[in-house]
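Enquirer: My structure is below; once you've seen it, I'll send some questions.
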């Protein structure tokens with residue numbers, strides 16, 4: 044028997060079809076912000092968990108940036124031991140209910156599952172969500188004294204995390220689990236970072252994020268809002284207050300624009316602003332919440348990543364008559380998760396392939412009326428392996444639009460970086476770190492997430508937070 048040979052009693056797991064997850068019908072969900080995917084029932088979860096081959100050397104775990112003990116939690120799920128399955132998840136992952144919803148499992152753990160070589164991989168993300176949701180529900184109903192196991196605090200040891208996105212929260216959860224006191228400083232009025240202001244509720248319900256945060260608070264993590272890194276709190280001030288280490292996980296919150304004529308016309312938004320208004324400002328519940336959104340009847344979104352999908356699908360739910368995603372390549376090259384692309388198309392979002400914006404134009408009201416687009420074609424592959432788009436001479440057309448959303452990525456916010464000139468930055472302005480530990484050019488200052496890598500996934504940010512936390516723990520406690 045090789046290391047990858049499944050156990051005999053599960054040898055037929057590969058022949059069991061993957062369990063689909065029920066979703067709201069497209070015609071229904073475009074009228075609400077409730078979660079699209081409805082989750083597994085207990086029978087569905089057990090059926091899917093039974094497909095796991097329980098490999099002796101699981102490739103799925105090596106594909107996970109936070110090294111979730113995947114076969115172990117799935118085995119407990121198959122046996123109905125959800126409390127134990129949750130503890131296994133939480134031993135490496137501080138945000139399992141989040142990861143089960145928004146991580147690109149098809150490129151990571153599920154992408155490495157050996158069942159995927161001849162069929163469909165185990166639905167690891169869906170099982171993770173099921174287990175986490177069950178644990179959080181039990182905690183809400185008082186059926187569990189605590190969703191996590193705590194250890195006594197180490198007197199005098201304390202660490203600060205700047206930002207409250209997935210990188211910082213993972214770092215905080217790891218250290219708190221070892222008894223280190225952690226304080227998280229967040230610049231906005233709600234913690235959660237991109238999990239709160241960037242990802243719409245129909246993909247990641249806000250109460251799920253709040254419950255994950257409550258789990259960290261139950262571990263004595265102190266989360267403070269309205270503390271702006273580089274202004275109301277600095278790295279130097281934290282060391283002066285007795286913190287032995289600082290983790291910087293402030294993200295990269297400034298948008299990248301198109302730099303074309305007319306981009307300052309009323310009606311052109313960055314995806315950052317548009318989604319923050321809708322998500323953090325609860326604009327989708329106006330007038331119950333007093334932050335209005337900008338109305339758009341004919342919406343055009345530029346970009347093809349998950350943020351572009353989120354913006355387009357949000358616009359549909361806010362009453363747009365038509366939503367178009369403009370992309371200079373084709374659907375085959377779109378970097379968004381296939382599930383998100385499929386959901387967007389099911390909801391009526393239209394894809395304009397092989398087109399690039401030239402200029403925005405205003406109407407009589409001085410507000411956005413249209414965008415001129417250039418027809419493109421694909422040439423030779425670029426450095427990433429994708430075929431490079433190039434303009435077709437003379438081939439242009441006009442797309443009527445009264446709301447444009449630019450979703451082309453982000454760049455670092457300079458507030459904290461300007462206040463900390465000792466930090467070494469790369470040519471793009473991101474913090475340079477030791478890849479193995481996450482330590483910056485300042486001793487005992489660590490960093491991870493988008494402020495290091497640029498815009499990336501939640502799980503990669505969490506992996507960075509965990510690596511840094513392990514090194515901090517080694518230094519403060521003498522062991523991992």
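Residue numbers (the working numbering): 44 to 523. Glycine residues also receive a C-beta, built at the ideal position from the N, C-alpha and C atoms.
Straight-line CA distance for residue 189 to residue 138?
Expert: Summary for residue 189: the model assigns pLDDT 49, below 50, so the residue's position carries little reliability; its value from the coordinates is reported in the next sentence. Cα to Cα, the separation comes out at about 15 Å.
Enquirer: Which class does residue 205 belong to by DSSP, given the choice of helix, strand or coil?
Expert: Looking at residue 205 - three-state DSSP - the assignment turns out to be strand.
Enquirer: Taking residue 520 as part of the alpha helix (DSSP H), name the residues at either end of that continuous run.
Expert: Looking at the DSSP string, the run of the alpha helix (DSSP H) that includes residue 520 is 501-520.
Enquirer: Between 63, 362, 286 and 294, which has its C-alpha nearest residue 500's C-alpha?
Expert: 294
Enquirer: For residue 462, I'd like the list of residues in its chain whose CB is within less than 6 Å of its CB, leaving aside the five on either flank, ordered along the chain.
Expert: 273 and 277
Enquirer: Measuring straight from C-alpha to C-alpha, what distance separates residue 434 and residue 401?
Expert: 11 Å
Enquirer: Would residue 168 and residue 143 qualify as a contact pair, given that the criterion is a beta-carbon distance under 7 Å?
Expert: yes
Enquirer: Please confirm if the stretch 446-463 is in contact with the stretch 333-352, defined as three or more CB-CB distances below 8 Å between the two stretches.
Expert: In the pairwise beta carbon analysis, the stretch 446-463 is classified as touching the stretch 333-352: at least three pairs are separated by under 8 Å.
Enquirer: Across the stretch 282-292 and the stretch 238-257, are there enough close Cβ pairs to call them in contact, namely three or more that are closer than 8 Å?
Expert: no
Enquirer: Within the continuous alpha helix (DSSP H) that includes residue 308, where are the two ends?
Expert: Element bounds for residue 308: n/a, residue is neither H nor E.
Enquirer: Assign residue 66 to one of three DSSP states: helix, strand, or coil.
Expert: strand
Enquirer: Count Cβ pairs between the stretch 171-182 and the stretch 129-136 that sit closer than 8 Å; are there 3 or more?
Expert: yes
Enquirer: If we define contact as Cβ-Cβ less than 7 Å, is residue 146 a contact residue for chain B?
Expert: This model lacks chain B altogether; it includes just one protein chain.
Enquirer: Can you say whether residue 512 is buried or exposed, counting buried as having 16 or more other CB atoms within 10 angstroms of its CB?
Expert: Its Cβ being crowded by 16 or more others within 10 Å, residue 512 is buried.
Enquirer: Given a cut-off of 7 Å, decide if residue 76 and residue 320 are closer than it, judged by their beta-carbon atoms.
Expert: no
Enquirer: Just tell me which of 416, 378, 103 and 218 has its CA closest to the CA of residue 264.
Expert: 218
Enquirer: Would you check if the stretch 105-121 and the stretch 381-388 touch, i.e. whether three or more CB-CB distances between them fall below 8 Å?
Expert: no
Enquirer: Starting from residue 385 and walking both ways along the beta strand (DSSP E), at which residues does that stretch end?
Expert: Note, residue 385: premise wrong, no beta strand (DSSP E); alpha helix (DSSP H) at 381-389.
Enquirer: So, do the stretch 405-418 and the stretch 308-318 have three or more beta carbon pairs nearer to each other than 8 Å?
Expert: yes
Enquirer: Out of 346, 347 and 324, state which residue places its alpha-carbon closest to the alpha-carbon of residue 337.
Expert: 324
Enquirer: By the 10 Å Cβ neighbour count, where 16 or more other Cβ atoms means buried, how is residue 158 classified, buried or exposed?
Expert: Under this definition residue 158 is a buried residue.
Enquirer: For residue 74, which residues of its own chain have a beta-carbon under 8 Å away from its beta-carbon, when the five flanking residues on both sides are left out?
Expert: 360
Enquirer: When the Cβ atoms of the stretch 340-347 are set against those of the stretch 361-369, are three or more pairs found closer than 8 Å?
Expert: Taking a contact to require three or more Cβ pairs closer than 8 Å, the stretch 340-347 and the stretch 361-369 qualify as touching.
Enquirer: At what residue ranges does the stretch 276-329 contain a whole run of the alpha helix (DSSP H), taking only runs of 4 or more?
Expert: 278-283 and 314-322
Enquirer: Between which two residues does the alpha helix (DSSP H) holding residue 176 run?
Expert: 167-183
Enquirer: State the DSSP-derived secondary structure class of residue 265, mapped to helix, strand or coil.
Expert: In the structure shown, residue 265 adopts extended strand secondary structure according to DSSP, grouped into three states.
Enquirer: Given a cut-off of 7 Å on the beta-carbon distance, is the pair residue 155 and residue 98 in contact?
Expert: no
Enquirer: How many angstroms separate the CA atom of residue 427 from the CA atom of residue 373?
Expert: Approximately 15 Å between the Cα atoms of the pair.
Enquirer: What does residue 415 pair with, by DSSP beta-bridge criteria?
Expert: 402 and 441
Enquirer: Can residue 226 be considered in contact with the ligand ATP, in the sense that its beta carbon sits closer than 6 Å to one or more heavy atoms?
Expert: In terms of ligand content, the structure shown is empty, and the ligand ATP therefore cannot be addressed.
Enquirer: Could you tell me the boundaries of the alpha helix (DSSP H) in which residue 79 lies?
Expert: Per DSSP, residue 79 belongs to no alpha helix (DSSP H) and is neither H nor E.
Enquirer: For residue 439, which residues from the same chain have a beta carbon less than 8 Å from its beta carbon, with the 5 sequence-adjacent residues on both sides left out?
Expert: Once the five neighbours on either side are set aside, the close Cβ partners of residue 439 are 401, 415, 416, 417 and 418.
Enquirer: Which same chain residues, not among the five before or five after residue 466, have their C-beta less than 7 Å away from its C-beta?
Expert: 460, 474, 483, 484 and 485
Enquirer: Can you tell me whether residue 221 is helix, strand or coil according to DSSP?
Expert: coil
Enquirer: What are the boundary residues of the beta strand (DSSP E) that residue 489 is part of?
Expert: 488-490
Enquirer: Taking residue 112 as the reference, give the member of 122, 129, 358 and 123 with the closest Cα.
Expert: 129
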